[in-house]
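Asks: Submitted below is the structure of interest, expressed as structure tokens.
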Amino acid sequence: QHAPVLNRNNIAQAVLNYVIRVKERVVLKNAAEDVGFGRDTYISTGEPRSLLCLPLLSNRTLSGLLYLENRSEEGAFNRERVEFARTFSRRLVPALEAARHYSWLEAENRRLELEVNDKSRQLKEVAGKPEKPDEDPAK
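Numbers 699 to 837, taken from my numbering, label the letters of the sequence shown in order.
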């Protein structure tokens, strides 16, 4: 499952939503004149002239997005640059997964440390209590 991209006014939401939904890249040579995405609120401001968005996939599961834009050049993302971004993204996915796994391990370690500390405290409390006089210690 993926976390939703926050609605922000400084990114092309329509492009992100499309890539998330279909898991295919989007390359816009002239973003403002693109028939499919030119009406996106951010794109219509004329900020990005060229745009590239790639899904980061691991076993066909979306693990993130690579979003690049160029504000000064139309057609900035030519075939060579798109191929470079694809190669980069293929190497990025395992690194992202490792970072997520490491974060999970750290959180799990903190949880277990708290649990051990709690159990230790409980044992100390039990060990420090005197026996009741009517209890037989041999039982």
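Each residue gets a CB set at the ideal place from its N, CA and C atoms; glycine is no exception.
For Ser801, name the three-state secondary structure that DSSP assigns.
Replies: Taking the first residue of the sequence shown as position 1, residue 801 is located at position 103. Here Ser801 sits in helix by DSSP.
Asks: Roughly how many angstroms separate the alpha carbons of Arg747 and Asn728, rounded to a whole number?
Replies: Residue mapping note: residue 747 aligns to position 49 of the sequence shown, counting from 1. Residue mapping note: residue 728 aligns to position 30 of the sequence shown, counting from 1. Straight-line Cα distance between these residues: approximately 5 Å.
Asks: Leaving aside the five residues before and after His700 along the sequence, list all residues of the same chain whose C-beta is less than 6 Å from its C-beta, in chain order.
Replies: Your numbering for residue 700 matches position 2 in the sequence shown. Because the pLDDT of His700 is 49, which lies under 50, any placement of that residue in the model is unreliable, and the number read from its coordinates should be weighed accordingly. Closer than 6 Å at the Cβ level, and outside the excluded window around His700, lie Leu760.
Asks: Can you grab the Cα-Cα spacing for the pair Leu812 / His799, in whole Å?
Replies: Position 114 of the sequence shown, counted from the start, is the residue given in the question as residue 812. Position 101 of the sequence shown, counted from the start, is the residue given in the question as residue 799. Distance between the alpha carbons of Leu812 and His799: 20 Å.
Asks: Ends of the beta strand (DSSP E) at Tyr740?
Replies: Your numbering for residue 740 matches position 42 in the sequence shown. Unbroken run through Tyr740: none, as it is neither H nor E.
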